[in-house]
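Positions 1 to 446 (full-length UniProt numbering) are the ones given, in order, by the sequence shown.
Built from N, CA and C at the ideal position, the CB exists for glycine as well.
Since we're looking at a predicted model, the values are computed, not measured.
For reference, the structure is listed below as structure tokens.
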Amino acid sequence: MPLKRGLIGLFIKFFLLFLFITVRIAWSQEKGALVASPVNAVPSPRPDRIVLSWVADPTTSFTVTWRTNNAVKTPKAEVAVADASPLFTQQAQEVLAETESIKTESGAALYHQVTFQNLKPNTQYAYRVGDGTYWSEWYQVKTANNQPEPFSFIYLGDAQNELFSLWSRTIRAAYAAAPQAKFIVHTGDLINHAEADAEWQEWFSAGSFIHATIPSLPTPGNHEYTRTVGIPTLTRLWQPQFTLPSNGIKDLKDTNYYVDYQNVRIISLNSMMHVPAQADWLEKILKNNPQQWTFVFFHYPVFSTSGRNEIGHLEKHWKPIFDKYQVDLVMQGHEHNYARGTNLPFGVNYRDNQTGTVYVVSVSGPKMYELTPEPWMNRTAENTQLYQVITVNNDQVLFKAITVTGEIYDQFELRKKPGQPNTLINIKNSWNPERHFNNTLSKPQN
């Protein structure tokens, strides 16, 4: 009998250990409750968290970053011009990766990055990452054209919560609507807890192959930061996971940068810190800006849509520069609702179609806040997951905000006039009644 009881006890211990290992635990910030993660975040020799970006000219290069465990000794990538014949793999060129290590609650991991250079413009390439034993599938990506042509990109507001279960439908709907999008802008709060590796795994799992085929341009939000003695500190996971241009302020590596894509200069500002210093930097890169269109994105909005007051310094330091250099579009997050409006030039009547910078706040994840209406807003929404598809066609930009169920919720066109404010045309034939908490499905109150 003692032997039998001992075997039963041993079985119970192993069973509990199995549950502990296979069920990853993450904290819910709102309620402090333990929630089982729906994904396995433990790294393995097989590449995962594969994400595209740029550190150099998009016409002749692209960068890929991925993760493995520390058993991988020779990380590398292969690239070839894509062809309809599967024999394209015989032409693949090998590039060795740069690697850094990091340890989280999921275990020790290695992050690898490769930049493919000296590529041909407007050419489709196939690439894969691995170590010679374990490989990813072949992914395809097209370099930018060195001549202006129509293109689209995707803009996503805060993902943050329930990434695998509910944010996944947003990024996948966006991809279905714009499968040829050239890049995806993420305006911060990609996750809820900066150092929660399981949440990052959800973010990567939700986007899956989309991250590996469409370059990501992320900017951090407050949830990518922790605070030590009141000083915000960027999560240790940001820089290993995202390899981005080094043309911003030195102290804001991989968070403050710009990319020139065809006739657009798209700029990431870090709204968490060094705001005045970024104003000086922004002035320099806008003063010498050869591009036809200028888009800026960051997390905290210039104008709050929820009555919050922690963001007035952005209006003080950045808005005058947006006005001076006629920035066309500002994409923001943080407020967990949707609002779109304009910063009208002095002396222009609100009803005129001449406009200054267009400001947008949006949300892609399931966390929702009430909206505080303001006169500057043309179109608003609460309790609605959205993605935005922006199409650039020479001197015209078409902006669409689309719900995850496929409804075009907001739509307008900007027309560029040299030396004059843009003309903004609201396309109201797609407008249904505005969605707010009082006329949409809402969570039952306990």
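Counting C-beta atoms within 10 angstroms of its own C-beta, S85 has fewer than 16 neighbours from the protein chains shown and is therefore classed as exposed. Considered as a whole, the stretch 34-64 harbours no complete run of any alpha helix (DSSP H) with no fewer than 4 residues. With the rule of 3 Cβ pairs closer than 8 angstroms, the stretch 34-48 counts as touching the stretch 61-73.
With contacts defined as CB atoms closer than 7 angstroms, V129 and A77 qualify as a contacting pair.
Going by C-alpha positions, A381 is about 27 angstroms away from F151. Of D131, L234, L156, S268, the smallest CA-CA separation from K73 is found for D131. Under DSSP, the beta-bridge partners assigned to R128 are E78. Bridge partners of Q388 according to DSSP: Y155, A401.
Here S268 is buried. Its C-beta has 16 or more other C-beta atoms within 10 Å. About 7 angstroms separates the beta carbons of T342 and L424, which is inside the 8 angstroms limit, making them a contact pair. The secondary-structure analysis by DSSP pairs T104 across a beta bridge with G107. When only Cα atoms are considered, L156 and D189 end up about 10 angstroms apart. If you look at E315, you'll find it in the alpha helix (DSSP H) that goes 312-317. The beta carbon of P58 sits closer than 7 angstroms to the beta carbons of T143, A144, V259, Y261 from its chain, once the five residues preceding and following it are set aside; these are given in chain order. Between the alpha carbons of T63 and T226 lies a gap of roughly 28 angstroms. Look at D410 here: in three-state DSSP terms it is strand.
The three-state secondary structure of A176, taken from DSSP, is helix. Ranked by Cα distance from G248, the first of D280, Q113, V51 is D280. Counting along the chain, the unbroken alpha helix (DSSP H) around G207 starts and ends at 197-207. A residue is called buried once 16 or more other Cβ atoms fall within 10 Å of its Cβ, and D83, having fewer, is exposed. Judged by DSSP in its simplified three-state form, R435 adopts coil rather than helix or strand.
Spanning the alpha carbons of S61 and W54 requires a straight line of approximately 7 angstroms. Assigned with DSSP and collapsed to three states, S271 falls in coil, not helix or strand. For W376, no alpha helix (DSSP H) segment is defined, and its DSSP state is neither H nor E. The stretch 188-204 and the stretch 105-113 touch, with three or more beta-carbon pairs separated by less than 8 angstroms.
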